[in-house]
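All residue numbers for the sequence shown refer to this note's numbering, where the first residue is 171 and numbers rise by one.
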Amino acid sequence: MEQHSDLAKGQLQCGNAKQRANNLWTKLADDLNSNGPPVRDVAGWKKDWSDLKTHTKVKMRKNKISISSTGGGVSQYCPLSSMEEQIINLLQMEEAVNGRATSTYFGTSSNVSHHPLLQSPQECHMYVKILF
C-alpha cells in the first residue's frame with residue numbers, strides 16, 4: 171500500500187483508474203495470499219483494508235475525545251499500534267480527525283471586539299452577555 175498510496179486512499183488519478191485499481195488489487199491479493207494464511211480473494215482483501223482504515227480512524231477519534239474530556243476516572247486512551255501509525259501517516263488521517271492546522275473558520279468571529287457594529291469594550295461586553 172505504501173508503494174501505491176493513491177490506491178490506499180482510493181484516489182487513482184488516471185484515465186483508466188478503475189482498470190488500474192483492479193490490476194493493483196489483484197497483484198496485491200496475489201502477493202498477500204502467497205505469504206500464507208489468511209487467503210482471500212480481491213473483495214476480501216478490499217474489505218479487510220476498508221475495515222482496518224475505519225477501525226483506525228474510530229480509534230483515533232476515541233483517543234481525541236479521551237484526551238479532551240474532563241473529570242476523573244480511568245483514562246480511556248488506547249495506544250495505537252505501529253501498523254495503525256503507518257496507516258495514519260499513509261492516509262494522512264490526522265487532518266481528517268483533528269482538522270487542518272491552517273484551516274479557516276467561517277461564521278461569526280471568535281473575537282467579538284472586531285465586530286463591525288460594536289464600538290466600545292462596554293458594548294462588546296454587553297453583546298457577549300446577550301449571547302449567553
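For every residue, glycine included, the Cβ atom is placed at its ideal position computed from N, Cα and C.
Is T196 buried or exposed, if buried means 16 or more other CB atoms sit within 10 Å of its CB?
exposed
At a cut-off of 7 Å, would you count D218 as near the ligand HEM, judging by its Cβ distance to the nearest heavy atom?
Judged by which ligands are present, the structure shown has none, so any question about the ligand HEM falls away.
Suppose you measure from the CA of V267 to the CA of K229; what does that come to, to the nearest Å?
10 Å
Residues near L182 by beta carbon distance below 6 Å, same chain, minus five either side:
D176, R190 and A191
Should T226 go down as buried or exposed, given a rule of 16 or more other Cβ atoms within 10 Å for buried?
buried
How many angstroms separate the CA atom of L202 from the CA atom of G214?
11 Å
Hey, would you say S236 sits closer than 8 Å to Q246, going by beta carbons?
yes
7 Å CB neighbourhood of L222 in its chain, flanking five on each side removed
I257
Proximity below 8 Å, CB of L261 to CB of K188:
no
Should E254 go down as buried or exposed, given a rule of 16 or more other Cβ atoms within 10 Å for buried?
buried
In three-state terms, what does DSSP make of G185?
coil
If you run the structure through DSSP and keep just helix, strand and coil, what is T240?
coil
Quick check on the DSSP output: the alpha helix (DSSP H) that includes L260 runs from which residue to which?
S252 to L261
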